[in-house]
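Okay, so here's the structure we're looking at.
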């Protein structure tokens with residue numbers, strides 16, 4: 001029961017770490033998963049899981065599946081590893097977003113939901129830190 005010209009929104013949770021990129025589309029409440037595709041599902045070599053190319057392929061898959069389900073627009077929740085690790089999104093984030101937009105999905109709000117500690121647990125690396 002969707003009127004013409006009205007967008008049906010889903011939420012795309014994009015988790016871009018340095019080892020993989022997850023594109024996970026849920027309904028607006030976030031309770032029901034509609035489609036979840038990772039970079040690792042698209043490429044064979046382990047080192048390519050987090051690559052922009054894998055993220056792009058994953059986004060295209062997600063977009064086609066969303067269209068089948070009748071979702072025309074996505075709010076985006078972008079997330080990096082966070083916590084006491086890096087708060088910079090991985091290499092796949094940019095291209096995942098671009099691919100979603102290019103494949104004809106309308107983009108609604110974009111939000112950064114990286115978990116930021118208000119006083120963290122101890123970071124790995126030991127007393128003297130990571131020595132390069």
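Residue numbers (the UniProt record's numbering): 1 to 132.
All C-beta atoms in this analysis are idealised placements derived from N, C-alpha and C, irrespective of residue type, glycine included.
Predicted model, so just to flag it, every value in this text is computed and none were measured.
query                                                                                                                                                  : result
For residue 25, which three-state DSSP category applies?                                                                                               : strand
What is the C-beta distance between residue 74 and residue 108, in whole angstroms, given that I count them as a contact (C-beta under 8 angstroms)?   : 6 angstroms
For residue 38, which of helix, strand or coil comes out of DSSP?                                                                                      : strand
Can you check the region 68-107 for any alpha helix (DSSP H) of at least 4 residues that lies completely inside it and give the ranges in chain order? : 92-102
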